[in-house]
DNA sequence: CTGAAAGCGCTTACAG
DNA sequence: CTGAAAGCGCTTACAG
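Chains as they are written, first to last, in our numbering: chain A, 3 to 330; chain B, 3 to 330.
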């Protein structure tokens, strides 16, 4: 910029005016400055500009896995909202690791992002308090923050699961399995709660052998389901706690002789093309991302009432697998 | 930082030393500075630091769609490599729009990212020349740059398609359809070339009615395939040019009475669970992302020989749909 | 072991 | 209409 000013024979401020298209510069001067800019290949350094301005016009998104089919549309939705606000997006995957989440969040804060959208991996976010106090708006999505009172946007996990399990019960099932993610994950917990509530509401007993919580690795899910299907009183239906569990369950059930009913949490591509097509509780990934980002920008624009909790409804999509009656 | 220095009764430089854990500070002084830091809730501003240092320790990733099941694992791979180099990642989706690609790329450059990984939407990247001259290393991935000579990492689209089409021919097909993406997209072109080459190599004539290039929107693909299946001499097999085309083709073929063979470019989740399971030419999205990011960091570390072109092989995965014989 | 000065590349607030 | 000075929050190069 100094070089441009020198070459054009003007002051720094005038170059700044031209670059920012501020009024009050003679067409003639503009011309000279533009020539110098082109000749020197000058490109404004936005980082320096933002250092002076205060805002960085960037936000950070921390989620579990950028490649997960549930989180990638959510990311895209956040990106679109950011774009509408002329804001750039840092992204990072925590890989369901609390330490890594904190690393990413603090790295983003050190870059002075204006705000954060976080899918929590950690269950303790008190480390974020100094940042929030310093003005970094933060909205949690998919799961609530731990240990602090903060904005959160999530699906109605318990309600959705209740509906799915009630659906199975309505189709005659009494022994219904539930395979979910690790218990420390909020949504896993909520869905399990929904399962228990639905069973209780129907007056059905629950055997702890019908419940299996843990990593969603295929081997673990496969073993859990196989166990539930063995023995003299096997489950006749399964509620799968998330998309990865559902997919593995489908693979296992394909090899089963007797038909087993299945309802899964999360919709997934091609669910309708499988045989039987898979009945699911769909949640709105794009809606979650969009709502979280919009709330964030509302905060950035000064909306500072007390933390909000936005819960998005889920939707039962009937396709076939959930309507299979219990084997006699 | 000034406040911290004042409160601790030391100079700025000493605070800087403590923050950066540089040697040569008395434990006693460190102690005093730390206390001041905690008391004041000081958090170093990395943007300011990087302004002085030169490097921003960030890279930009521009791709077509963050939510696409092919690009999201690619992004994740780039992210992992960036993480290994203590570098933060800006991401943005071009939505297959040249203008939007340029906007994102230039916005990232204005923030002085150290480098870029770009899945081109535009076919003219001369706008990037000043940036590259200014030292922004750039690696293109999935498709080559247009109008400039730059690093690129891609799959062997033509070769993979040749193999897939040859596979259909080997199973007795003579009239084989090809539905691909818009012709201006490099990979679409390459795959079409592979199709023609495979047909020619087998001495088979190609009717232009068997070829349809255009947007991958379901309606367009559905119409194209329906047309190919109509008339007195319908195609008996289809090569689908990418994952979105394949999925729509599967939906259409499910409703067909006679069996039609199908091979698709790109593997996709659950392809093995469909009936028939879908034979595909798989490409390595993670491998592409990783190779591109690694090449980028090699450039950032000073490797500046002439631009490289890295081509990753594809892999035919036989599952059933590609082995259906022609209807008599 | 410690710190004052200069500077990274911009903008703000002011004066002419 | 234009520009010199000060400053954003840090680090570098140097001196003590």
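Backbone N, C-alpha and C fix where the C-beta goes; we use that ideal spot for every residue, glycine too.
On a predicted model such as this, the values are computed, not experimentally measured, just so you know.
From residue 115(A) to residue 21(A), what does the alpha carbon distance come to, in whole angstroms? By one-based count along the first chain, residue 115(A) stands at place 113. By one-based count along the first chain, residue 21(A) stands at place 19. In a straight line, the C-alpha of residue 115(A) is about 24 Å away from that of residue 21(A).
Taking 8 Å as the cut-off, does the CB of residue 116(B) come closer than this to any heavy atom belonging to the ligand NAD? The ligand NAD is not part of this structure, which contains no ligands at all.
Could you check whether the Cβ of residue 5(B) sits closer than 9 Å to any Cβ belonging to chain A? Along the second chain, read from residue 1 onward, the residue named residue 5(B) stands at position 3. Chain A contact via Cβ: absent.
Within chain A, partners of residue 252(B) - CB distance below 9 Å: Your numbering for residue 252(B) matches position 250 in the second chain. Going along chain A in sequence order, the residues near residue 252(B) (Cβ under 9 Å) are 272 and 275.
Under three-state DSSP, which class holds residue 270(B)? Along the second chain, one-based indexing puts residue 270(B) at 268. In this structure, residue 270(B) counts as coil in the three-state DSSP scheme.
Report yes or no: is there a C-beta of chain B within less than 9 Å of the C-beta of residue 340(A)? One cannot answer for residue 340(A) here, as it falls past the ends of chain A, which runs 3 to 330.
Are any of the Cβ atoms in chain B nearer than 9 Å to that of residue 297(A)? The count along the first chain starts at 1 and reaches residue 297(A) at position 295. Not one chain B Cβ lies under 9 Å of residue 297(A).
Could you list which residues in chain A have their beta carbon closer than 8 Å to that of residue 94(B), in chain order? Looking up residue 94(B) in the second chain gives position 92. Going along chain A in sequence order, the residues near residue 94(B) (Cβ under 8 Å) are 81, 85, 90 and 91.
Report, in whole angstroms, the separation of the C-beta atoms of residue 77(B) and residue 68(A), which I expect to be a contact under 8 Å. Within the second chain, the letter at position 75 stands for residue 77(B). Within the first chain, the letter at position 66 stands for residue 68(A). The Cβ separation is near 5 Å, so the contact holds.
Could you check what DSSP says for residue 93(A) in three-state terms: helix, strand or coil? The residue labelled residue 93(A) in the question sits at position 91 within the first chain. If DSSP states are grouped into helix, strand and coil, residue 93(A) belongs with the strands.
For residue 48(B), name the three-state secondary structure that DSSP assigns. Here residue 48(B) corresponds to residue number 46 of the second chain, with the count starting at 1. Helix at residue 48(B).
Using 8 Å for Cβ pairs, my map puts residue 314(A) next to residue 143(A). What's the rounded Cβ distance? As a working note, residue 314(A) is residue 312 in the first chain. As a working note, residue 143(A) is residue 141 in the first chain. Not quite, the Cβ-Cβ distance comes to about 10 Å (not below 8 Å), so this is no contact.
Only counting the same chain, and skipping five residues up and downstream in sequence, which positions put a Cβ closer than 7 Å to that of residue 149(A)? Sequence index remark: in the first chain, residue 149(A) carries index 147 (1-based). Cβ neighbours of residue 149(A) beyond the five flanking positions: 126, 127 and 128.
Give, in chain order, every residue of the segment 35 to 58 of chain A whose Cβ lies closer than 8 Å to some Cβ of chain B. 43, 45, 46, 47, 48, 49, 50, 52, 53 and 58
Under 9 Å, Cβ to Cβ, is there at least one residue of chain A near residue 101(B)? Taking the first residue of the second chain as position 1, residue 101(B) is located at position 99. Chain A contact via Cβ: absent.
With 16 other CB atoms within 10 Å as the buried threshold, where does residue 66(A) fall? As a working note, residue 66(A) is residue 64 in the first chain. It counts as buried.
From the beta carbon of residue 256(B), is the nearest beta carbon of chain A less than 9 Å away? Residue 256(B) sits at position 254 when you count from the first residue of the second chain. With 9 Å as the cut-off, residue 256(B) counts as an interface residue toward chain A.
Residue of 52(A), 189(A) and 203(A) minimising C-alpha distance to residue 165(A): On the first chain, residue 165(A) is found 163 positions in, with the first residue counted as 1. Per the Cα distances, 203(A).
Strictly below 7 Å CB to CB, what residues from chain A border residue 71(B)? Here residue 71(B) refers to the residue found at position 69 when the second chain is read from its first residue. Residues of chain A passing the Cβ test: 71.
Report the rounded CA-to-CA distance for residue 197(A) versus residue 288(A), giving the unit in angstroms. For this step, residue 197(A) is matched to residue 195 along the first chain. For this step, residue 288(A) is matched to residue 286 along the first chain. Each residue's Cα considered, the two are about 25 Å apart.
Listed by chain order, chain A residues near residue 67(B) by CB distance under 7 Å: Mapped onto the second chain, residue 67(B) falls at position 65. The answer, in chain order, is 78.
Note down, one range per segment and in chain order, each alpha helix (DSSP H) of at least 4 residues found wholly within the segment 141 to 196 of chain A. 159 to 172
Report the residues of the segment 110 to 131 of chain A with a CB closer than 9 Å to any CB of chain B, ordered along the chain. 110, 111, 112, 113 and 114
Selection from 181(B), 185(B) and 301(B) that minimises the alpha carbon distance to residue 249(B): Position 247 of the second chain, counted from the first residue, corresponds to residue 249(B). Ranking the options by Cα distance to residue 249(B), first place goes to 181(B).
Does the structure place the segment 42 to 60 of chain A close enough to the segment 52 to 61 of chain B that three or more beta carbon pairs sit under 8 Å? yes
Measuring alpha carbon to alpha carbon, tell me which residue in 227(B), 92(B) and 89(B) is nearest residue 178(B). Here the question's residue 178(B) lines up with position 176 in the second chain. Nearest C-alpha to residue 178(B): 227(B).
Three or more beta-carbon pairs under 8 Å between the segment 97 to 107 of chain B and the segment 29 to 37 of chain A, yes or no? no
Does the distance from the CB of residue 301(B) to the CB of residue 80(B) come in under 9 Å? Translated into the one-based positions of the second chain, residue 301(B) becomes position 299. Translated into the one-based positions of the second chain, residue 80(B) becomes position 78. Cβ distance not < 9 Å, so residue 301(B) and residue 80(B) don't count as in contact.
Taking the beta carbon of residue 193(A) as the centre, do at least 16 other beta carbons fall within 10 Å, making it buried, or is it exposed? Sequence index remark: in the first chain, residue 193(A) carries index 191 (1-based). Looking at its Cβ environment, which holds 16 or more other Cβ atoms inside 10 Å, residue 193(A) is buried.
According to DSSP, simplified to helix, strand and coil, what is residue 213(A)? Here the question's residue 213(A) lines up with position 211 in the first chain. Looking at residue 213(A) - three-state DSSP - the assignment turns out to be strand.
Comparing C-alpha positions only, which one of 278(B), 311(B), 246(B) and 308(B) sits nearest to residue 336(B)? Nothing in the structure corresponds to residue 336(B), since chain B is present only between 3 and 330.
Rounded to whole angstroms, what's the CA-CA distance from residue 59(A) to residue 14(B)? Just pull it up for me. Taking the first chain and counting its residues from 1, one reaches residue 59(A) at position 57. Taking the second chain and counting its residues from 1, one reaches residue 14(B) at position 12. Whole-angstrom Cα-Cα distance: 28 Å.
Would you please state the rounded distance, in angstroms, between the beta carbons of residue 258(A) and residue 276(A)? I believe it to be under 8 Å. Your numbering for residue 258(A) matches position 256 in the first chain. Your numbering for residue 276(A) matches position 274 in the first chain. The Cβ separation is near 14 Å, so there is no contact.
CB contact below 9 Å: residue 157(B) versus chain A: Sequence index remark: in the second chain, residue 157(B) carries index 155 (1-based). Taking Cβ atoms only, chain A never reaches closer than 9 Å to residue 157(B), which makes this a no.
At the level of alpha carbons, what is the spacing between residue 319(A) and residue 199(A)? As a first step, residue 319(A) must be located in the first chain, where it is residue number 317. As a first step, residue 199(A) must be located in the first chain, where it is residue number 197. Each residue's alpha carbon lies about 21 Å from the other.
Given that residue 75(A) touches chain B, what residues does it touch there, using C-beta distances under 8 Å? Translated into the one-based positions of the first chain, residue 75(A) becomes position 73. Within 8 Å Cβ-Cβ: 69.
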